[in-house]
Amino acid sequence: MKVSIISDTHFGYKWGEERGEDTFENAKEAFERSLDADLIILPGDLFDKKIPKQEVLDKASDVFSIAMEGERNVNSDKELGLHGEGVPSVAIHGTHERRPRSYTNPIELMANTGHLHHLDNEATVFEKNGEKVAVHGMSGVPERYAPQVLENFNPEPVDGAFNILVIHQSIEGFVYTDDDHEYLSLEDFPEGFDLIINGHIHWYNLERFQKGEDKPLILPGSTVTTQMNKVEAEKPKGFVGLDTEKEELEFKELNSARDVEYVEIEVDGESWSEIKEEAVEHLEKIGKAEKKPLVNLKIKGKTEGRVNPRELKQMFRDQMFLNVNSSLDSKEDIKENDISEKVDPWQKGKQMLSDAVDSEKEVDESQLLEILQEGEPEKAEQMLKERMSDD
Ligand SMILES: [Mn+2]
Numbered sequence: 017m018k019v020s021i022i023s024d025t026h027f028g029y030k031w032g033e034e035r036g037e038d039t040f041e042n043a044k045e046a047f048e049r050s051l052d053a054d055l056i057i058l059p060g061d062l063f064d065k066k067i068p069k070q071e072v073l074d075k076a077s078d079v080f081s082i083a084m085e086g087e088r089n090v091n092s093d094k095e096l097g098l099h100g101e102g103v104p105s106v107a108i109h110g111t112h113e114r115r116p117r118s119y120t121n122p123i124e125l126m127a128n129t130g131h132l133h134h135l136d137n138e139a140t141v142f143e144k145n146g147e148k149v150a151v152h153g154m155s156g157v158p159e160r161y162a163p164q165v166l167e168n169f170n171p172e173p174v175d176g177a178f179n180i181l182v183i184h185q186s187i188e189g190f191v192y193t194d195d196d197h198e199y200l201s202l203e204d205f206p207e208g209f210d211l212i213i214n215g216h217i218h219w220y221n222l223e224r225f226q227k228g229e230d231k232p233l234i235l236p237g238s239t240v241t242t243q244m245n246k247v248e249a250e251k252p253k254g255f256v257g258l259d260t261e262k263e264e265l266e267f268k269e270l271n272s273a274r275d276v277e278y279v280e281i282e283v284d285g286e287s288w289s290e291i292k293e294e295a296v297e298h299l300e301k302i303g304k305a306e307k308k309p310l311v312n313l314k315i316k317g318k319t320e321g322r323v324n325p326r327e328l329k330q331m332f333r334d335q336m337f338l339n340v341n342s343s344l345d346s347k348e349d350i351k352e353n354d355i356s357e358k359v360d361p362w363q364k365g366k367q368m369l370s371d372a373v374d375s376e377k378e379v380d381e382s383q384l385l386e387i388l389q390e391g392e393p394e395k396a397e398q399m400l401k402e403r404m405s406d407d
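First residue of the sequence shown: 17, per this note's numbering; consecutive thereafter.
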């Protein structure tokens, strides 16, 4: 069977801004190039926000509908609930889409309108000319609960099928697992799977894991650049083709994705005007592209006096999306990391709540916050009570 894997499309990212169409354009290309597949797997974070704007849902539904133009070559052991014929799309929801149980997340909405087949700790078996492919999906959960949720889900490989486990989590050893929270590790993966697909990580990677047999673990990456760090700059955006009979995986680069450039300069005591001159020299070398590239300029070292990265952004704003990442030692120091990543009050609140709750019980702080935000303290209290009485 031919399977196409398209992850982390992040519909709605930068919506209303100059790059607002990027997520749709990139995903549209991926779906159009997947029409020869028998099955499309979507490992989460298809939407950038858990409550997308109507316009975003509308445009996303157009992209998901592209799959309906293909041919239906497979049967399934469950009613797929899709509104048309065509290539079935099977999705899990990711961390960006997750909402409390009693609320509808956008993947559930898209499943209810017949655009997708949604898997939340369950499996669907597809069959084509006697060949079976079982897709087991565990939708995204807070990292520290992932090992337990996977254990409870306890997916069992289907006999005689090519078994795929689809998740959307950080995995220890493969990604930044930077605090002392517990993360999913390779040891937690169940035996007997032919392939594990993990969304969440925004750059492509093909790894192997050993559990019984040596098997592939694929991180398809996102179809759109959301962080301008070095690893994202170096790896192209795309999607993955899988041939289950040949057990072959192929990364397919997107033509519509913006180029990402990473420029690093080191300085030692020069003035800002000298640094600026050097930066301009580098930036002018970046060729013209049909779509303005994303450029990350990293300046390392020491300088005298004021630093003004905004000046550079202004100079190049018609040619590129410039992000200046400076660790210059000066009074005007700007923070490391993407400057678009300001402290998010939501994240901050979640952290505070998480620290305060500090419980072994599964209390999902973002769900709790969301219920409180909806103005339903009784419901929040009820949720906490239920968790406390769980064994
Ligand atoms: Mn993501």
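Ideal placement from N, C-alpha and C gives every residue a C-beta, glycine not left out.
Computed from a predicted model, the values in this text were never measured in an experiment.
query                                                                                                                                                               : result
Given this structure, state the Cα-to-Cα distance separating D354 from S343, to the nearest angstrom.                                                               : Low per-residue confidence applies at D354: pLDDT is 41, beneath 50, and the placement is therefore not dependable, though the value from the model is reported in the following sentence. The alpha-carbon atoms of D354 and S343 are separated by roughly 12 Å.
Per DSSP, what kind of secondary structure is H112 in: helix, strand or coil?                                                                                       : coil
Hey, is S186 close to ligand 1, as in C-beta under 7 Å from one of its heavy atoms?                                                                                 : no
Skipping 5 residues on each side, what residues in its chain have a beta carbon closer than 7 Å to that of M244?                                                    : V276, L310, N312, N339, D354
Should D24 be listed as close to ligand 1, given that the test is whether its C-beta is under 7 Å from any heavy atom?                                              : yes
With a threshold of 6 Å on Cβ separation, who are the neighbours of V174 within its own chain once the five nearest residues in sequence on each side are excluded? : V141, A150
CB of S238 to nearest heavy atom of ligand 1: below 7 Å?                                                                                                            : yes
Quick check on E357: does DSSP put it in helix, strand or coil?                                                                                                     : Its pLDDT being 44, under 50, E357 is placed unreliably by the model, and nothing is read from it.
Can you check whether the CB of E386 is closer than 8 Å to the CB of R115?                                                                                          : yes
Taking only three categories from DSSP, how would you classify Q367?                                                                                                : helix
For the candidate residues L166, E261, L200, E250, whose alpha-carbon lies nearest to that of D210?                                                                 : E261
Who are K144's beta bridge partners in DSSP?                                                                                                                        : E147
Nearest to E41 by alpha carbon, out of M368, G28, D52, S370?                                                                                                        : G28
Ligand 1 and G110: does any heavy atom of the ligand fall closer than 7 Å to the residue's C-beta?                                                                  : yes
Run through DSSP, which three-state label would I315 get?                                                                                                           : strand
Ligand 3 heavy atoms versus the CB of H152: any closer than 7 Å?                                                                                                    : The model on display carries ligand 1 but not ligand 3.
Since I believe V323 is in contact with W288 (beta carbons under 8 Å), could you give me their beta-carbon distance rounded to a whole number of angstroms?         : 5 Å
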